[in-house]
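Note that the sequence shown covers residues 1 to 397 in our numbering.
Single-structure report; data block below.
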Amino acid sequence: MNASGLSPEQVKLQSRVRELAAGPVAARAAEVDRTEQYPWDNVDLLKDARLIGMTIPTQYGGQGGNWLDAVLAIEALSATCAVTGRIAVETNMGAISAVMAYGSEEQKKMAADMVLAGDKPAICITEPDAGSDANGMTTRADKKGNRYVINGRKHWITGGGVSRLHLIFAKVYDEKGNEEGIGGFLAIRDETKGLRITRREPTMGLRGIPEAVIDFEDMDVPPSSLVIPPRGLKKGFADLMTAYNSQRVGAATVALGIAEGAYRLALDWSEKRQQFGRPINEFQGLQWKLADMSIKLSAARALVYNAARSGEGGFPDMLMAAQAKIFTSESAIQVVNDALQFFGARGYSRELPLERMARDVRMFTIGGGTAEVLRNVVAGALLKKKLPQTRDGWIRD
Ligand SMILES: Cc1cc2nc3c(=O)[nH]c(=O)nc-3n(C[C@H](O)[C@H](O)[C@H](O)COP(=O)(O)OP(=O)(O)OC[C@H]3O[C@@H](n4cnc5c(N)ncnc54)[C@H](O)[C@@H]3O)c2cc1C
């Protein structure tokens, strides 16, 4: 174990991924942002480096690694290309981990095979009228004979248009029209009829992964496509959100990685850049900025690693995942903004990565639960109460 409590294997993994991130991943990052094209070649790199399916159990072809292994890889990748870091999140956490935890044998095999072949699954929760209040979703799955018929609209779905496997959250109704709870349905783009990618959102950052509106129009699926969480459909949303805690830790890790990348650039530049006859890091104003940036990064890293460790043998703890995501996403925005400042006018140029990092990092107080709503989660867990501004499902009971 070293100072951060990493095993020798984890230290090796970290340095291997850092090398990949500094080499071919960094070389493509600006182009991925400019062209807004999904980096399929980076998916191949991740596959070759065995950074996809790290958390998938070995009997399904994965590496049976823990959340922290995935976190170390995501952190290193995100320091040079946040889009590639996010691909590593979604091929190790989120939808795939929900299926691996709650799915039937057949569902697990299918999902693992698709992910290990390079598919980044899409998780479809958010709707135009149900964002933070996700439990208010109106996408519905009606039981008709031995089928479910799904209708509704999701938006801001990461990977919409490139992902094949979709985990779609919907309210489930029995044949008499009684609501049974929320379930997750598996569907495959271009195979499951009625799943339509309708529009790509024009995003501020993270432009190499499409965010899409997806419509479900009489999408007809068999009951075997329904992922039923352990406590059944009544507690389906709460259980699916428990699985989502892994994705939250992953999102926090991308923010952490971006901020670390920006900090390292600023540290280096602060020695190279001279003004008033000396390196700019000899001015105390900038020294204190560097000190504050490093403190935020160390604190964020500790929260993220601890949240990842809390999930050993299950999913990361809800409270720790929320705390990590709030602190890391907010601190990372500040660190990247400060790093950009070190470069003066150059920081504002599209020829350097700082402006891209500033756009990319801005997302993480929003996607995967906003910093405000996650504060409700933290408060609810501390007070052990359902808060009036939440609904069932956001707070595990
Ligand atoms: C890049 C990106 C990728 C995303 N990917 C996915 C994805 O793959 N799948 C998916 O399902 N969704 C995804 N989302 C959607 C994301 O999860 C939602 O945007 C988020 O949950 C917030 O919902 P909203 O945008 O509707 O904001 P709203 O819920 O409308 O919130 C608006 C504002 O009100 C605040 N607010 C709302 N309720 C409360 C409250 N009770 N207390 C205090 N403040 C409150 C919010 O914090 C926010 O500041 C993504 C979003 C982004 C930006």
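For glycine and all other residues, C-beta sits at the position ideal for the given N, C-alpha and C.
Note down, in chain order, each residue of its chain lying with its Cβ closer than 8 Å to the Cβ of residue i, except the 5 sequence neighbours on either side.
| i | result |
| --- | --- |
| Glu355 | Leu340, Gly347, Tyr348 and Ser349 |
| Gly194 | Ile150, Phe216, Glu217, Asp218, Met219 and Asp220 |
| Leu13 | Asp69, Leu72 and Ala73 |
| Val25 | Asn42, Leu45, Leu77, Thr80, Cys81 and Thr84 |
| Val336 | Ile258, Ala259, Ala262, Leu354, Met357, Ala358 and Val361 |
| Gly393 | Reliability of the predicted coordinates at Gly393 is poor, the pLDDT of 46 falling under 50, and the value obtained from them is presented with this limitation in mind. Taken in chain order, the residues that qualify are Ala134, Asn135, Ile182, Phe237, Ala238 and Met241. |
| Ser224 | Ser104, Glu106 and Gln107 |
| Asn146 | Pro222 and Pro223 |
Tell me the rounded alpha-carbon separation between residue i and residue j.
| i | j | result |
| --- | --- | --- |
| Gln247 | Gln274 | 42 Å |
| Leu51 | Gly277 | 46 Å |
| Asp404 | Asp317 | The requested residue 404 does not occur in the structure, where the chain is confined to residues 1 to 397. |
| Ile395 | Leu387 | Low confidence applies to Ile395: its pLDDT is 44, below 50, so where it sits in the model is not reliable, and the reading given next is rough at best. Straight-line Cα distance between these residues: approximately 9 Å. |
| Leu116 | Met100 | 13 Å |
| Asp338 | Met363 | 17 Å |
| Lys289 | Ile258 | 17 Å |
| Asp239 | Ile96 | 14 Å |
| Ala308 | Gln59 | 22 Å |
| Cys124 | Asp292 | 37 Å |
| Glu90 | Ala251 | 9 Å |
| Tyr213 | Ile366 | Looking at the sequence provided, one finds Val at residue 213 rather than Tyr. C-alpha separation (whole angstroms): 17 Å. |
| Ile197 | Thr158 | 12 Å |
| Val249 | Met241 | 13 Å |
| Gly344 | Ser104 | 55 Å |
| Ala30 | Glu36 | 10 Å |
| Leu303 | Gln323 | 7 Å |
| Arg199 | Ile188 | 18 Å |
| Val378 | Gly314 | 20 Å |
| Asp48 | Pro8 | 21 Å |
| Met114 | Glu282 | 53 Å |
For residue i, which residues from the same chain have a beta carbon less than 6 Å from its beta carbon, with the 5 sequence-adjacent residues on both sides left out?
| i | result |
| --- | --- |
| Met54 | Gln63, Gly65, Asp69, Ala70 and Asn92 |
| Asp119 | Arg164 and Leu165 |
| Pro57 | Gly64 |
| Gly5 | none |
| Arg18 | Ala76 |
| Tyr148 | Ala141 and Val221 |
| Ile280 | Ser270, Arg273 and Leu286 |
| Thr245 | Thr is not the amino acid found at residue 245; the sequence shown has Asn there. Here the set comprises Phe315, Pro316, Met318 and Ala321. |
| Gly94 | Ile123 and Gln247 |
Between residue i and residue j, is the Cβ-Cβ spacing less than 8 Å?
| i | j | result |
| --- | --- | --- |
| His155 | Glu127 | yes |
| Ile182 | Leu233 | yes |
| Val172 | Ala122 | no |
| Arg359 | Gly205 | yes |
| Gly208 | Asp41 | no |
| Ala332 | Leu256 | yes |
| Tyr407 | Val162 | It is not possible to answer for residue 407, since the shown part of the chain is limited to 1 through 397. |
| Phe169 | Met137 | yes |
| Leu20 | Ala98 | no |
| Val254 | Arg16 | no |
| Leu374 | Ile326 | yes |
| Ala299 | Ser329 | no |
| Tyr102 | Val11 | no |
| Trp67 | Gly311 | yes |
| Thr139 | Gly152 | yes |
In chain order, what residues of the same chain lie with their CB nearer than 7 Å to the CB of residue i, ignoring the 5 residues before and after it?
| i | result |
| --- | --- |
| Asp174 | Lys143 and Glu180 |
| Thr203 | Glu211 |
| Arg301 | Leu256 |
Under 7 Å: does the beta carbon of residue i sit that close to some heavy atom of ligand 3?
| i | result |
| --- | --- |
| Pro39 | Summarising the ligand content, the structure contains ligand 1 and does not contain ligand 3. |
- Task: Could I get the ranges of all uninterrupted alpha helix (DSSP H) runs contained in the stretch 166–229, with 4 residues as the minimum, in chain order?
- Result: none
- Tell me the start and end of each unbroken alpha helix (DSSP H) in the stretch 89–159 that is at least 4 residues and wholly inside, in chain order. Listed in chain order, the complete alpha helix (DSSP H) runs (minimum 4 residues) inside the stretch 89–159 are 95–102 and 105–116.
- Item | Contiguous alpha helix (DSSP H) assignments of at least 4 residues, all confined to the stretch 13–70 | 26–35 and 40–48
- Message: Give the list of continuous alpha helix (DSSP H) stretches no shorter than 4 residues that lie fully inside the stretch 263–349.
- Response: 284–309 and 318–342
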